[in-house]
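Using my numbering, read the sequence shown as starting at 322 and increasing by one per residue.
Scroll down for the structure; my scribbles are underneath it.
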Amino acid sequence: MKRRELIRKAAVLGGLATGGPFLAACAPAATAPSPSPSSAPTATASPTPKPIRTLKVGYLPLTDFLGMYAAIEQGYMADEGLKLELQAMAGGATIIPAIVGGSLDFGISNYVSVIVANGQGIKIKAFSDSAYGTKASPPFAIIVKKGSSIKTAKDLNGKKVAVNTRNGIVHVGVMEWIERNGGDPSTVQYVELPFPQMPPAITSGSVDAAAPTEPFVTVSTSQDASVLSYYLTDLRDPCAISGFISTDDWITKNRDAAQAFHRANTKGMDWVAKNDKTAREYAAKYANLDPAIATKINLAALRSTPLVDAVQFWVDMTKKWGLLDKGSTLKAEDLFVKF
């Protein structure tokens, strides 16, 4: 079956998810007012606190966004005058429409979804980078029940495989991995399931395989599942996963807020790199995770600036699988805000 026909068989796009670096110049420090002439001793004035601005942010309660979590917990967002109202959502299928509709200011989305959206004329860009998978710490996997007869990609032919949304990074990645490794992705039945529902689906046998991300990979393997493949990082290492996105219009009108978030997010990422134990505690808090599991999960690599080639890989994949017109001139660098 042709790839474009395969895509047409899939349900309506479920995954609506950063070229140059995101350059965010720090604002100048507040200047203390000049003292009035007086015989009294001169006192140093405290910097004027920044007014707090509340932003509505759509996110997935996963461990990939530790930079943001740390920036909240460590006060970096408050230092930038930002208060985030986090709204947990199922994925890009709900986040991107909410951003476009104005009920969210911005949110997290995977790169395949933001590429597809732009191909459909929805002008959104990433203004702060986030998660990458690496072979040293791969956050995404295809899992099967322990003792399953499924040992290879070819064994998935004709089977039910759970993906969080069709036509997003997981679905495209799974299809590409199956094809590269001798299977026929056109014969696979792709079942949409939110990541938290994948471990019990494997246990019950309602699906033959699933493609969760952390922490649900570790949750599953600590119970009755085993890893068939860390498929995304098998395809590319490092593998670009997600970034913080909004509409071109919102970013243009709220450039200061976007830059402030990026600065705080970058500080949060730097903090996570030096504080693994506490970062995992934040992961447990924001992902509603058992702290014992949080100590075992593979954490995604965090980057404040994008790897253009890694995102271009997904532009090429969306063309290959019929989600982006082969004649499209869209390039990865077009998807990034240049501050």
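By construction, the Cβ of each residue, glycine as well, lies at the ideal position given by its N, Cα and C atoms.
Where G648 sits in the DSSP three-state scheme: Reduced to three states, the DSSP call for G648 is coil.
Could you tell me which uninterrupted alpha helix (DSSP H) segments, each at least 4 residues in length, are contained entirely in the region 589-627, listed from first to last along the chain? 597-607, 612-615
Have a look at A631, I420, I417, D611 and flag the residue whose alpha-carbon is nearest the alpha-carbon of V540. D611
DSSP on V512, reduced to helix/strand/coil? Strand at V512.
Through-space distance from K371 to D555, alpha-carbon basis: Taken atom to atom, the span from the alpha-carbon of D555 to that of K371 is near 45 Å.
Nearest to N431 by alpha carbon, out of D450, Y551, V421, G388? D450
Spatial distance of T486 from I416 (CA atoms): 13 Å
What number of angstroms, rounded off, separates the C-alpha of I434 from the C-alpha of I566? According to the sequence shown, residue 434 is Ser rather than Ile. Distance between the alpha carbons of S434 and I566 is about 11 Å.
Touch check for the region 512-520 and the region 470-483: three-plus C-beta pairs under 8 Å? yes
Buried or exposed: Q580, going by 16 or more other Cβ atoms within 10 Å of its Cβ? buried
Quick check: V509 and V495, are their CB atoms within less than 9 Å of each other? yes
Decide if the region 444-459 is in contact with the region 488-506; the criterion is three or more beta carbon pairs, one per stretch, under 8 Å apart. no
Suppose only complete runs of 4+ residues qualify. What are the alpha helix (DSSP H) ranges in the region 372-432, listed by chain order? 387-394, 397-400, 413-422
Going by other Cβ atoms of all chains shown within 10 Å of its Cβ, with 16 needed for buried, is S563 buried or exposed? buried
CA-to-CA distance, E602 to K647, given in whole angstroms: 44 Å
Contact check, A653 vs V538, beta carbons under 9 Å: no
Can you tell which of R557, D529, I523 has its C-alpha closest to the C-alpha of T542? If we check each option's Cα against that of T542, I523 comes out closest.
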